[in-house]
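Visitor:
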Amino acid sequence: MRIREIMKNYFSVLLFLLIGSSLFGQDQISRIPLTIGYLGNSLIEPGLQVGTEFKLQNWQNENETISKTRELLLIPQLGFFSRIGNNYNFMPSLDLAFRTQKNNKKAYHTYALGLAYQIESVVISTTVNLSNGDETKNRKTRNYFIPTINYQYGRQINSNLGWYTKFSYGWRFSNEMDNGAMVLLGLGLRFYLN
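Following our numbering, the residues of the sequence shown are numbered contiguously, the last one being 299.
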């Protein structure tokens with residue numbers, strides 16, 4: 106029951122951010138991308154991540170040889186990854202990002218600081234009824250607060266579609282478990298709905 110309440114709260118916050126950001130940007134017409142892709146902290150814990158990006162500020166830097174676009178972004182994301190039969194992880198996150206892109210190139214680099222909250226449901230014991238073979242898994246929910254450092258490299262394929270790869274390093278803080286480092290990998294598509 107507690108997981109449902111936490112998930113409702115985070116979906117409400119994300120919805121508030123999406124609505125608030127779209128109202129914030131009503132005076133300027135900008136295209137909002139949707140990202141969807143692989144998320145996992147190892148190959149044996151694959152998952153899915155969905156997110157979007159909101160431009161807070163953008164500016165051009167031009168000199169005699171190079172013209173660059175720089176953007177300050179707010180990136181909300183929802184992620185889920187699991188080790189089948191062992192644990193399930195739900196992770197909403199919010200990144201404050203800085204992106205650079207040369208105007209004559211399709212590639213871009215994004216550097217971000219983020220905050221994530223991981224809800225992990227892990228199997229702590231398994232009991233087997235010997236008379237009928239039924240298996241019961243006892244689970245425990247753990248919560249982690251994770252500040253992250255992120256790097257994303259992406260490339261536009263055309264004006265509506267691109268791909269990205271993302272590397273994240275974070276430190277998991279919890280009052281229930283030992284604190285520890287976490288590495289996340291992402292690979293996905295970035296496309297525009299409008």
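Glycine is no exception: its CB is placed at the ideal position from the N, C-alpha and C atoms. The structure presented is a predicted model; accordingly, all values stated were derived computationally and were not measured.
Along the chain, where does the beta strand (DSSP E) that runs through T205 open and close?
Guide: 192-207
Visitor: Compute the distance between the beta-carbons of G259 and Y213, then report whether it is under 8 Å.
Guide: Result yes, Cβ atoms of G259 and Y213 sit closer than 8 Å.
Visitor: What runs of the alpha helix (DSSP H), each 4 residues or longer, lie entirely inside the region 225-256?
Guide: none
Visitor: Assign D132 to one of three DSSP states: helix, strand, or coil.
Guide: Confidence at D132 is low in this model, with a pLDDT of 45, below 50, so the placement of that residue should be treated as unreliable; the coordinate-derived value is given next. DSSP places D132 in the coil class of the three-state scheme, outside both helix and strand.
Visitor: Does the beta-carbon of P181 have 16 or more other beta-carbons within 10 angstroms, so that it is buried, or is it exposed?
Guide: buried
Visitor: Thinking just about the alpha-carbon of each residue, which of S264, V288, K173 is nearest to the one in F186?
Guide: V288
Visitor: Identify which residue in N284, N237, Q257 has its Cα closest to the Cα of S273.
Guide: The candidate whose alpha carbon is nearest that of S273 is Q257.
Visitor: At which residues does the beta strand (DSSP E) containing M282 begin and terminate?
Guide: No beta strand (DSSP E) contains M282, which DSSP labels as neither H nor E.
Visitor: Just checking my contact of L178 with A202 at CB under 8 Å: how many whole Å lie between their CB atoms?
Guide: Right, their Cβ atoms sit about 4 Å apart.
Visitor: With a Cβ-Cβ cutoff of 8 Å, do G152 and L144 count as a contact?
Guide: yes
Visitor: If you draw a straight line from the C-alpha of P252 to the C-alpha of T231, how long is it?
Guide: 33 Å
Visitor: Rounded to whole angstroms, what's the CA-CA distance from G219 to N209? Just pull it up for me.
Guide: 29 Å
Visitor: Which two residues bound the contiguous beta strand (DSSP E) that contains L148?
Guide: Counting along the chain, L148 falls outside any beta strand (DSSP E), and DSSP gives it neither H nor E.
Visitor: What is the DSSP secondary structure of N166, reduced to helix, strand or coil?
Guide: strand
Visitor: Assign Y300 to buried or exposed, taking buried as 16 or more other Cβ atoms, counted over all protein chains shown, within 10 Å of its Cβ.
Guide: The first residue shown for the chain is 106 and the last is 299, placing residue 300 beyond what the model contains.
Visitor: For N194, count neighbouring Cβ atoms within 10 angstroms of its own Cβ and tell me buried if that reaches 16, exposed if not.
Guide: buried
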